[in-house]
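Top to bottom, those sequences are chains A and B. The first sequence begins at 1 in full-length UniProt numbering and counts up one residue at a time. The second sequence begins at 1 in full-length UniProt numbering and counts up one residue at a time.
2 protein chains.
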Amino acid sequence: MVSPSKTRNEEALAHLRADILNGRLIPGQKLAFADLCARYAVSVGVIREALSRLVEQDLVRSAPQQGFFVAAISRADLVYLTEARCEIEPIALRHAIAEGDIVWESEVVAAHHRLANASLVAPDAPDRLSEEWAERHSTFHETLLLGCENPRLRAIATELRASAELYRRWSFPLDHEQNRDIAGEHAAIVDAILARDPDLAARLLVEHISLTTELLLESEAIA
Amino acid sequence: MVSPSKTRNEEALAHLRADILNGRLIPGQKLAFADLCARYAVSVGVIREALSRLVEQDLVRSAPQQGFFVAAISRADLVYLTEARCEIEPIALRHAIAEGDIVWESEVVAAHHRLANASLVAPDAPDRLSEEWAERHSTFHETLLLGCENPRLRAIATELRASAELYRRWSFPLDHEQNRDIAGEHAAIVDAILARDPDLAARLLVEHISLTTELLLESEAIA
DNA sequence: AACGTAAAAAGTTTCGAAATTGTGTATCGT
DNA sequence: ACGATACACAATTTCGAAACTTTTTACGTT
Numbered sequence: 001m002v003s004p005s006k007t008r009n010e011e012a013l014a015h016l017r018a019d020i021l022n023g024r025l026i027p028g029q030k031l032a033f034a035d036l037c038a039r040y041a042v043s044v045g046v047i048r049e050a051l052s053r054l055v056e057q058d059l060v061r062s063a064p065q066q067g068f069f070v071a072a073i074s075r076a077d078l079v080y081l082t083e084a085r086c087e088i089e090p091i092a093l094r095h096a097i098a099e100g101d102i103v104w105e106s107e108v109v110a111a112h113h114r115l116a117n118a119s120l121v122a123p124d125a126p127d128r129l130s131e132e133w134a135e136r137h138s139t140f141h142e143t144l145l146l147g148c149e150n151p152r153l154r155a156i157a158t159e160l161r162a163s164a165e166l167y168r169r170w171s172f173p174l175d176h177e178q179n180r181d182i183a184g185e186h187a188a189i190v191d192a193i194l195a196r197d198p199d200l201a202a203r204l205l206v207e208h209i210s211l212t213t214e215l216l217l218e219s220e221a222i223a
Numbered sequence: 001m002v003s004p005s006k007t008r009n010e011e012a013l014a015h016l017r018a019d020i021l022n023g024r025l026i027p028g029q030k031l032a033f034a035d036l037c038a039r040y041a042v043s044v045g046v047i048r049e050a051l052s053r054l055v056e057q058d059l060v061r062s063a064p065q066q067g068f069f070v071a072a073i074s075r076a077d078l079v080y081l082t083e084a085r086c087e088i089e090p091i092a093l094r095h096a097i098a099e100g101d102i103v104w105e106s107e108v109v110a111a112h113h114r115l116a117n118a119s120l121v122a123p124d125a126p127d128r129l130s131e132e133w134a135e136r137h138s139t140f141h142e143t144l145l146l147g148c149e150n151p152r153l154r155a156i157a158t159e160l161r162a163s164a165e166l167y168r169r170w171s172f173p174l175d176h177e178q179n180r181d182i183a184g185e186h187a188a189i190v191d192a193i194l195a196r197d198p199d200l201a202a203r204l205l206v207e208h209i210s211l212t213t214e215l216l217l218e219s220e221a222i223a
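Below you can see the structure in the form of structure tokens.
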């Protein structure tokens, strides 16, 4: 039978992953089994398996006989990560523009529309990034990659973006973003896609990614 | 204490991974726990954890409540895989040429020398690829990537190569390789590296990767 | 007081059995 | 004979405790 019966393991993995990406678990933090077992109401084995998968996704680190930790963030890693994304994401985007059909195009437009209508900062917490905007921003960029038919390229680009989420969640320099027209950057990328101009779209995407990291490094928000 | 004390898990993972890459486990094959526990003399939990990690490495597939299987090979996946490698491996190689020091250069020369002095086919089994050559070929290409300082790019390229190993091990069309000067291809790549010519080296590497896949597809060796 | 040693505590790692789910087989009814 | 149902079997999944390591704490010596 076609049974999508979710196992406890898949739930724990999804839950744990979301908790890391949403910032409920802090980079570098120890992930003790006792805590996690209580938090998700499952046994050690299930937690171990989920953590093992997250290690392979570079969201968790493990040290033999010492347990697991949320992946730490550092300036050096951010530079490497950004370099990798600037190489690979434009490739995936070029493929998407070449291969993506009208359905994908419409999804891009829709995702961009949702993003454009979300406020960058939360009304109640003006010092922090709005959860809604972060969510829609993430979805927007992932939608861009979805047009790429090659599942391997897509998965690689998506995995790099997930790692990058950690930095965005934890050290976004709101002050330095004031002069930045981030909405305009997104709009320009969408326009280039609709115009089926891969060179322009790729260049804009790389500039978008690079600028975020440059501002982050300038802000000295990361040790 | 700095303790590199190998856990049973790491051993099982390494062993299992090697068994898949060396062809002792067949693509698509069911990986039953009873068998694996007996084979590696460990409990189910340890096996599950190792398999989970291999799933993330795309060497094993899992279906909920149905267990784990060695990743299957297919023409479609081979095309995707080759496309991804042709995009990413040259990027890593360009970085290596730009960043690699003299120590890396010498390692490349050494790895190539070992490869050049291995016979393609085994003396006793002329129909199959020599294990020694396969090993040295794999090491040679991984050495090329080692010059790239960016650990994320390196890891991505290496992971794709691991997946490609499955195809090489299982469906290498020796017949069609007769007219191919594979040693010459490797030598040309090394020459381009030593000449610090990234464009030429990248082009040669892409041609090298592409040709292998083209011959494989022509041979109809894969269902 | 500082250092090294040893016991105790806390933690990870591993196991083997119980619970759960999927798979195959035989039986019954049409 | 064919199809569906119920049963028995085999396999995965999950658990909780035992075994082992690391870390902390307490103690005695220099």
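Just so it is clear, CB atoms sit at the ideal spot from N, CA and C, and this is done for glycine as well.
Per DSSP, Val-103 (chain A) is one residue of the alpha helix (DSSP H) stretching across 102-116. Annotation for Val-70 (chain A): the continuous beta strand (DSSP E) segment containing it runs 67-70.
Glu-131 (chain B) is a Cβ neighbour of Asn-22 (chain B), given a cutoff of 9 angstroms. Contacts with chain A (Cβ-Cβ distance below 7 angstroms) from the stretch 38-53 of chain B involve Gly-45, Arg-48, Glu-49, Ser-52 and Arg-53, listed in chain order. Leu-129 (chain B) sits in a strand when the DSSP states are folded into three classes. Under DSSP, Lys-30 (chain B) shares a beta bridge with B:Phe-69. Ranked by Cα distance from Leu-16 (chain A), the first of A:Thr-7, A:Val-70 and A:Ala-84 is A:Val-70.
Taking the Cα positions, Val-42 (chain A) is about 37 angstroms away from Cys-148 (chain A). Ser-171 (chain A) and Leu-13 (chain B) have their C-alpha atoms roughly 35 angstroms apart.
Relative to the Cα of Arg-61 (chain A), the nearest Cα in the group A:Lys-6, A:Cys-86, A:Lys-30 and A:Leu-81 belongs to A:Lys-30.
For Ile-91 (chain A), the closest Cβ of chain B is nearer than 9 angstroms.
Close CB contacts of Asp-19 (chain A) within its chain, under the 8 angstroms cut and outside five residues either way in sequence, are with Leu-25 (chain order). Apart from sequence neighbours up to five positions away, the residues of its chain that approach Glu-49 (chain A) with a beta-carbon distance below 7 angstroms are Asn-9, ordered along the chain. The C-beta distance from Ile-88 (chain B) to Leu-166 (chain B) rounds to 18 angstroms, too long to fall under 8 angstroms, and the pair is not in contact.
Residues of chain B with a Cβ closer than 8 angstroms to the Cβ of Ala-84 (chain A) are, in chain order, Asn-150, Arg-152, Leu-153 and Ile-156.
For Gln-29 (chain B), not one C-beta of chain A is nearer than 9 angstroms to its own C-beta. Distance between Ala-125 (chain A) and Leu-144 (chain A), taken at the CA atoms: about 29 angstroms. In the assembly as shown, Pro-90 (chain B) is a buried residue. Its beta-carbon has 16 or more other beta-carbons within 10 Å. Residues of the same chain with a CB within less than 8 angstroms of the CB of Leu-78 (chain B), apart from the 5 flanking positions on each side, are Tyr-167, Thr-213, Leu-216, Leu-217 and Ile-222 in chain order.
Residue contact check for Glu-11 (chain A) against chain B: no CB pair falls below 9 angstroms.
Neighbours of Tyr-167 (chain B) in chain A, taken as residues at a C-beta separation under 8 angstroms, are lacking, since the least C-beta distance is about 13 angstroms. The beta-carbon separation of Ala-183 (chain B) and Ala-116 (chain B), rounded to 6 angstroms, stays under the 8 angstroms limit for a contact. If you draw a straight line from the Cα of Ala-187 (chain A) to the Cα of Arg-128 (chain B), it is about 55 angstroms long. Under the three-state reduction of DSSP output, Val-121 (chain A) falls in the strand class. Within the model, the alpha-carbon separation for Arg-53 (chain A) versus Glu-135 (chain A) is close to 23 angstroms. Under the 10 Å beta carbon count, Ser-119 (chain B) is surrounded by fewer than 16 other beta carbons and is classified as exposed. Interface annotation, Ile-102 (chain B): not in contact with chain A, CB-CB separation never under 9 angstroms.
In chain order, Glu-87, Ile-88, Ile-91, Leu-153 and Ile-156 make up the part of chain A whose C-beta sits under 9 angstroms from the C-beta of Ile-88 (chain B). For Val-109 (chain B), no Cβ of chain A is located within less than 9 angstroms of the residue's own Cβ. Looking at the DSSP output, Ser-52 (chain B) sits in no beta bridge, so it has no partner there.
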